[in-house]
Every structure is written in structure tokens, then in C-alpha cells.
Amino acid sequence: MNQPIISFRDFSFQYRSLSEPTLKGINLDIYPGEKILIAGPSGSGKSTLAHCINGLIPFTYGGTITGDYTLRGKRPADLSIFEISQTVGTILQDQDGQFIGLSVGEDVAFAFENECMPQSEMRPLVEQALQVVDMLPLINQSPHDLSGGQKQRVSLAGVISMDTEVLLFDEPLANLDPASGKKAIELMEDIHQKSNKTMIIIEHRVEDVLEQPIDRIVVMAEGEIVAIGTPDELLASSMLQTHGLREPLYVAALKYAGVGLAKEDHPTSLELLSERSEVRERLSIWLEKELDITARSASEPILALQDVKFSYDGERDIIKGVSLHIGRGERVALLGNNGAGKSTLSHLFTGIAKPSSGDVLYGGERINDWSIRKRGEHIGYVMQNPNHMITQQMIADEVSLGLRMRGMAPDAVTARVEETLRTCGLYGYRNWPISALSYGQKKRVTIASILALQPEIMILDEPTAGQDYKHYTEFMDFIVSLSDQGTSFLFITHDMHLALEYTDRAAVLHDGHCIAQGPTSQVLTNIEAIAQANLKETSLGKLARSTGVAQPEQFVRHFIQHEKKVKRDE
Amino acid sequence: MSKSGTLYIEGDSLFHRMDGAAKLFMFAVWTVFVFLFQDIRIFVPLFLFGIGLLIAAKLPYKRIRFFLWLMIVFNLMNCLLTLLITPAYGSKVWGTTTVILNLGYNVLTLESVFYVLTLTLKYMSMMPITLLFIFTTHPTRFASSLNRIGVPYKIAFAFSIAFRYVPDLQTEFRNISNAMQARGMGFGKGEGSYRERFKHFVSIAIPLVQSSLHRIETVSNAMDLRGFGRHRRRTWFSATAWQRADYCIAVICVIVMVVAIAVRMNGFGTFWYPFTSV
Amino acid sequence: MKQSVLNFSTKTVVAIGIGAALYGLLGNISIPLIAQTALRPAIAILTIFGAMFGPVVGLLSGFIGHIITDLTWGGGQIWWTWVVGSAVTGLGMGLVSMSRSFNVNEGSSSTSHIVTLAVAGSLALAVGFGVSSILDVYLYGEAPDKMWAQYGFATVSNVIVHLVLGVPAVLGLLKLNRRNSNLKVMK
């Protein structure tokens, strides 16, 4: 093989403000034309590695480097960030942050403008790049009229137009709904095949990335590279699971069923696996096992929408007659792609928007006229990003804020805060400044600050966004423990895994209509609804279908119960 | 503002076709022109001329209505305030006093009424050009135009960034404030004392600023990674070339400016009052 | 890394843009008292951005931000004289960050810094609005007495915003960013 384009030798890096190195003893060679997935949980150092590759380290973030990193044989210190950016093109995670232009065309041309390219030359190049990502008809659109996936494609066009040898994707799936994510991964593969560029994808959602071919996976944990191998090698091993990453669901199911997987079995291919008779037999035996977890019984509705319609301009309905209810102590998922009307629906619950017709019912009472504040006493709302909610310096102050604003007596506030912090496992941190907490802990603080108000139901917007599998599991188990104490939860999400594992019922919203509603395992295997709403069927459903061992719904239910049992036994 | 935060209205008038820099130049000359004079005989025709241009640009009245309304409210308030505080100021300007009303602490004079009328027309004569500029210039043209008339490109680009992120920040602000209200925070009348309501604003400001700081970091990384600031100048994708009309208008503007300054230097165009003989 | 005044780093350019967007956006929220004179919570943005990024960002955020506010709320008028006032204010708010030991991002400050911010900011408002008022008299021909009344009102109300909203917000950010050592999980 020829010379590596990117090469790390005993490389370590420590940010100036931190006391521990973030990257330790990295040895990695990436060869031209390779397609690499760098996976690892939050805090594993994978984003820092990306910063080293694209030059943000050392040019924007200072720190101490030991060992060697070379890009096409040169050390970055001998180059400038501009020169590096001509070899490595980066697509950042935040689609709005990197869409700088006021129109699609302008954003793609950004690098050309900075290179002082004459206007007449840049136009055809911009159009060409937009053609590659299939966005040419939208060249004059403003970013505010585009979806997240479309913005990402524009950014990709901007990078492709620079014709860099390496394309670096920093968590490309983090802010995308399942359908856009699938498209993005397909587009990457398409570009890879056509241009044979070196591609580095930083991502913790392994299953989604593996829907398209990958040459090698690099697994990182705690600042070190813990495994490098082909996808087949790594799926056959337990490396992903050990290091806080989630295996593809079908692989997990096969492992539960006791199917031995070797790399020769091509565990990346669900199709090949399901052709094997051994797989079918094992799965059938597994499915016959009795799992004694009974479904939770239905309870009376606490919050409901009855044939609710809503429109912003009085002309076009955004919500076109939705009926939905959440029972006491129930966990319900509201699924749907971006733009399906999910956030509008949550606004209707919390009073930010008022229905143009239909009723919002709380415990049977019509609450259409209640203000946001009044509803807030019964219906808690937690935003996706905890940093959008936190206003106080100390945890205890943040949690007591709402109580104090309601004029509760100081003694009572202290008692309530203490109780809430204990419930949320934050009591030990009560005198900590919030700035010292991790993202997941901050998220917990925001839950605590709402929980302290003792709402009967909490609405969580994308509760697991930006969290890796380990933190995600911890967080959701915490939510389950709260729900077992009687609080109802509505999750607004496009995360199928979340719905699958943590909710009793699910509703699918599409284009302002509720197109499916019922027990989660049933809804998630309803292919028509899933396809219509642009969601993605989980690989469990696919496995059930292609092996034919059971009805998808039954298969999925069995899998969830098995997982619960495993968890309970731990 | 539309969803995208622009006020631009699609159209095909002379002003839509004009280059942003030429428009900006015209806007600047118009502004200086208005500043130079205090004479109602100049403002009335200028205002009417401006209205003529607005009509020629075929901007839908529906979109302009709000601005007209704002302007009327502002002028009424300003006149009232002026007359209330200095009801005899007009007499100071022209040296004659024609009392129309005795207010007790002072007298209201006819001169003052004419003075506020002059002032109102002065303000009003600025409106048409501002509206023309705002509604016919696409924001993507704005930064390149500023750069062309001599503003350093980094400052011009800061304008572009501001336009780009106003709508995003607006959404974020709304989300934060809604979440705070749901926690029992009040901003409106009757939702706590002034002190409390004020404190609530601090509570929104902190998360908004924190997330803005985060945004600054992301955006500047994205720009660095694509070579922003590498050279002393840059080109602009959406810049337009000057047409004959642009040159004509620029020349007319220069001529008008020179004439105006000459006229003003000869003492013409200070406050004019029709009812006295000078 | 000292550079020429106009050769900003990318981060400075972005800070100006975002600061202006925030100032321009929040400029819409005001409790109007009289024309062009209102309690404007937006002033606090200049306090914060000045303190964090310095006088240049303060000045240009004030300048651009004010124009953005006027584009929608100026009633078909950009109030150039008050745009200048906002710019001067932003400049003054940023003076404190010239001190090396003051750094909001790292949570380092002393009482004297806060006093400087409070005083310099208030003075900047007084000077900035003074400039605006004088320009109003000369460029628009406003009545001086009325302008003084308006000036007094605008200055006092916005100094209040600066002191009650801006400075506490900076204090809040300083506290949020202060590094904490010796944190132990308590029982």
C-alpha cells in the first residue's frame, strides 16, 4: 500500500485548561481512499482527534502536543490552518453553525470567495457541487427554509467544491432525523465511490453508519484507541459493547439467542445472516422462552388532545385534527420526522400555542384557556438542550427557582429541593456549581428543576439527543424510575430506539395527522406508517421479516422483554 | 420580518435591478441632503418625490403599512413632546411670537406648530428612501455592497453574520422564554413586581448569551476551516456588476450633492417661515 | 497576538455579528416611555459583549445592532444619531476588558473590575447619548430643551438597565465560568 495520508505516532494532546491529556498514545495510519469510522462514547476523545486532523488543534485550541501527527508527510505546525483546510474538508455537527451564507449558493461559494476567485469562475463550480448533493434547484434558498439534512448537504457541497483529498464528518447524524440520516450516509457512500476520497466519519451511532460499507472502524475510549478492525471483526467481538457503544440491534438479538458470530459470518450483513438455518433455529428456540414480564396495565388519561387543529396564519392547518392521550404513569413516545408538527403539538400541550379547534384536556378538564404559567404547574416541559434552561450558578438554586417564583415558603422550598435532589441522584452534588457538571448531569438538573414543581406529567423534547449509549441508558433508566413513582412522560423524539425500549405506547405524527397510535412494539413494526412518516424500521423488525421466525411485533416485544430481564438481573 | 429574517420583497423595478452599492450611495447622499437643510420647501417635494419612487418600485402596500403606521405614531409623539416641553421654541427660531394658547407654564405659539410641522416633514422625507433600500435589496447583496463602497470586508461580513443569525436567535429566545414561563416566571403586567420581572430578564439573558457564545465558537471554527480571512480582500458570490443605470444615478447623486452644498453655503435652506417678512 | 485594528480575527468578526444580532433583536423589546427613549433591556447585551470581547466588538455590535433594530422598528428611518450613541456605549462597555486580569470566560475578575464596568458603562451611556442628542439638535434641528429632557430620561433609564440587568448578568457569567477546585461529592 502507498503512503498514509494521515499518520499519528505516539500522539498525545492536552488542552491548556485541563489537567489531564485528552488523547493518549494515539497510533493510527489512514491511507488514501479509505473510508473510516471513528467511534467512541462522549469524552472518548474522538472529537479532539477530529480537531487535530483538521487543524483546529493547534491553531484555534491551544495545548501541549507530544508525539507526531503528519498530514501528507507534513507536520501541521509547519502549515497554516488554511493549507490544512485545502487537504482536509470538515463537515461539522452543527448544521446551523456552519451554514454561514445567507443563501445556498453563497454558502457553497464561501471558500472560493475567501480565495478571491472571480465571480464568473465560481458560479459553475458552485453549481457543479450542488448538483452532486442534489440541491441545485434550491440554490437561491435561504438557510431558514431548509431542513437540517438539506443544510448538511449544502455544507457538504461547500466542502466538495474545495476538492479536498480528505472529507471529515464530525458526528454527521447527531441532529438528523432517521430518514435524513439514512440519506446522508447513502450520499457519503455515493461520493466515496465516485471520487474515491479518503473519508473519516466520527460517530457513535454505529448501526446507522454501517448501513453502508466501511473499511475500518477505530474504537476510542478514554482518550486511547482500544480497537481497530473491519466492521465484521468488531461486530463479531464484544468491543463495541464493552466500550459503551451500542451494537446493531439485530446483532444484539442474535447474541441473546446464542448465535455465535465470527467475522467469517459477515455480521455486517443482515441478509447473509438470516439465510443461515442455524440462525433461524436459535432464534426460534429463543423466542419460545417464557419471559415473565407483564405489560403495564392501562390507566385513565391524564392529558389528552381531542380532535385538535391548529394553524399559525388562520389559513393552512399545521395540526389537522389530532387526538392523543397520555395515561397516568404512562410513558408515551410521540414520533415523527422534523416538520411533522411534533413541536407544535408540544406547544399545544404547554399552552404556547392555542388550538384553533378541538380541546386540550387535563384530567378530564378542558384547559384550552389556561396560560403557560398555569399549565406549568401541572405539565412540566423540558427542553432538548439543558443549557437553554439553566440560569443559576448553583444546583440547589436552579432546582428551587420555580418554587421560589411561585412564592413557596423558604423552609418548604429547602425540604422540597432536598427531596428532589435525592430522587434525581444529585444530592451529593447539591453545592456544586452547575458549570462543573457533565452534559448528562446538567440534563438531570433540568429534570430536577421541573420535577421539584411536582407536575403530574412531563414532556421531554428529544431527551437523548447528543448523548452516547452509556449516558443515554443511564438517563433513561433514571426516567423510568421516576415514572415508576407515578409521573407520566411524553417523549417527543425521532429516536426509534428510545421509543422501542422505554415507552408503553407510541404515536406517529406525519404532516399534522396522527397516522398510528398504540402499543410501541405494534406501532414500530407498522411498516406503512413508518414509511409514510419517513421514519426507519429498526433492524429487529427486518430480522424478524427476513428470517420469518416470528411476527415482527412479537419479535420486537420479545427482544425488549429480554433486555429488561437482563437489566433486572444485573 | 419573514421567517428568513429578511424584509426583501421580490420584484423587478429599477431599484430591484440596481446594484446594492449604488443604492447605498444614493441612500447616503439622500441622508446627508436631508441633514443639510431645515426648510419645509425642500422637504415637501423631496417627500413627494420619494413617494413617487416608492410607487414606481411597486412594493405591496400591505408590507409597507406597518412602517407607515410606526412613522405616524413616532411623529405624533415627537410633536406632542416637543410642544409640551418647549411650546414656544418656534418663536426662538424665527424671532416672532404669535400666541395661540396659554398653557400656564408657557405659551404655545404658531411658530412652534410650524416648527414641528417642518421637523415632521424632515423625518418623513427620509422614509421613502429607507424603505426602498430595505425592501429592494436582498441581504446577500448587502455585505458585498458595503465592501464595495469602502467598508473593510471583515466589518461588512459581520453585517452578513448578524442578518444570518437574527432569526435563529429569535427562535431560541422565544423557546427559552416559553420554558421559563412554564416554570412560573412572569414577564407581563401583573406577573410580579417590576423588580421581579426585571430579574426574570436576567434569567433569560444568561442562557441566551451562553448559547450565543457557543455559537460564536462554532461559526468561527467553520469559517476558519474554509479559509476566511486568509487574504486582504475577498470576492463575493452574490455581488452584481454596475449597469449604466447605476452609473447614471451615481452621477446624478454627486451633482445633487454638490449643488446642495453650494446652495447651503449661500445661506439658503435654514428654517423657513411663511408668515413673517424677512 | 496583537494585530492591526482592522485586521480582526475570525472570532472577533463572528462576535460582532452575533452581538449585533442579539442587540438588534432585543432592541425590539422595549418599554417605550417617549420617542426613541425607552427602557431597553438590549443595553445589557452591550454590557455583556463589551465585557467579554472588548471595545471593538462593543462598538461595532452597538453600531450594527442598532441599525438592525431600526430596520424593523425605526418606522422607515435609521436613527443614525442614536446608532452612533449605541456604538459609543458599546465602546465604553468594552474598556474594562483591556485589563489583562479580567476575563469573563475564565471567570477571573476583581471588585475593581466590576466597579470599572459599572462606572465606565454608565459614563459611556451618558457620553454616547449626549453625542446622539447633540447630533439630533444639529442634524435634525430638534429643540435643544426637548432634547435635554429626552437625553436625561434616556440616560437615566438605560444606566438603570446597565446596572440592574447588564452588570448582574456579567457577574452571573463570571460565576458560571469560575473554575472550581476541591469539589467533593457530599453525602
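Chains as they are written, first to last, in this note's numbering: chain C, 558 to 1127; chain U, 1368 to 1645; chain Z, 102 to 288.
Glycine residues also receive a C-beta, built at the ideal position from the N, C-alpha and C atoms.
This structure is a prediction, so every number in the text was calculated from the model and none was measured.
Between the C-alpha atoms of R632(C) and I1573(U) there is a straight-line separation of about 41 Å.
DSSP places R1062(C) outside any alpha helix (DSSP H); the residue lies instead in the beta strand (DSSP E), whose first and last residues are R1062 to H1067. Q1079(C) is not a Cβ neighbour of A1064(C), given a cutoff of 8 Å. Under DSSP, C1071(C) takes part in a beta bridge, and its partners are L1066(C).
If you ignore the 5 residues before and after Y1520(U), its C-beta comes within less than 7 Å of the C-beta of N1514, R1600 and R1601, all in its own chain and listed in chain order. Per DSSP, E835(C) is one residue of the alpha helix (DSSP H) stretching across S834 to E845. By the CB criterion at 8 Å, L123(Z) and S1579(U) fall inside the cutoff. Taking a Cβ-Cβ threshold of 9 Å, the residues of chain Z close to Q950(C) are G273, K276, L277 and R279, in chain order. For E781(C), the enclosing beta strand (DSSP E) starts and ends at E781 to G786. For L594(C), the enclosing beta strand (DSSP E) covers residues K592 to A596. Chain Z places no beta carbon closer than 8 Å to that of I1376(U), leaving this residue out of the contacts. With a cutoff of 8 Å on beta-carbon distance, G786(C) and D765(C) are scored as not near each other. About 28 Å separates the beta carbons of S718(C) and V775(C), which is beyond the 8 Å limit, so they are not a contact pair. Counting of Cβ neighbours within 10 angstroms places M940(C) among the buried residues, the total reaching 16 or more. Each of R961(C), G817(C) and K1093(C) was checked against the Cα of G1551(U), and the nearest Cα belongs to R961(C). Interface flag for L1017(C) against chain U is unset, since no Cβ pair is found closer than 8 Å.
For S992(C), the chain Z residues whose C-beta falls within less than 8 Å of its own C-beta are L277, N278, R279 and N281, listed in chain order.
For Y1520(U), the enclosing alpha helix (DSSP H) stretches over residues Y1520 to A1549. By the neighbour-count criterion, in which a residue is buried when 16 or more other Cβ atoms sit within 10 angstroms of its Cβ, T1449(U) is buried.
The criterion of a C-beta distance shorter than 8 Å is satisfied by S601(C) and A778(C). As for any alpha helix (DSSP H) of minimum length 4 sitting wholly inside the stretch 1547–1613 of chain U, the runs are 1561–1591, ordered along the chain. Taking all protein chains shown into account, L827(C) has 16 or more neighbouring C-beta atoms within 10 Å of its C-beta and is therefore buried. Nearest C-alpha to H701(C) among W1397(U), F1530(U) and T1497(U): F1530(U).
Y938(C) belongs to the set of residues whose beta carbon lies under 8 Å from a beta carbon in chain U. At a Cβ-Cβ threshold of 8 Å, G120(Z) and G166(Z) count as neighbours. Residue state for K631(C) is assigned as strand, using DSSP reduced to three classes. G705(C) carries a helical assignment under DSSP once its states are collapsed to helix, strand and coil. At a cut-off of 8 Å between beta carbons, L1580(U) makes no contact with chain C. DSSP places Y252(Z) in the uninterrupted alpha helix (DSSP H) bounded by P245 to V262. Looking at the DSSP output, I583(C) shares a beta bridge with F568(C). For F109(Z), a Cβ of chain U is located within less than 8 Å of the residue's own Cβ. Beyond the five residues adjoining it in sequence on each side, S868(C) comes within less than 7 Å, by CB distance, of D874, I875 and S913 in the same chain, given in chain order.
Partner residues in the beta bridge of H882(C), as assigned by DSSP, are A861(C). For L1592(U), a Cβ of chain C is located within less than 8 Å of the residue's own Cβ. Its chain contains A1627, I1628, R1631 and G1636 as the residues whose beta carbon lies nearer than 8 Å to that of L1403(U), once the 5 sequence neighbours on both sides are disregarded; these appear in chain order. For G646(C), the secondary structure class from DSSP, reduced to helix, strand or coil, is strand.
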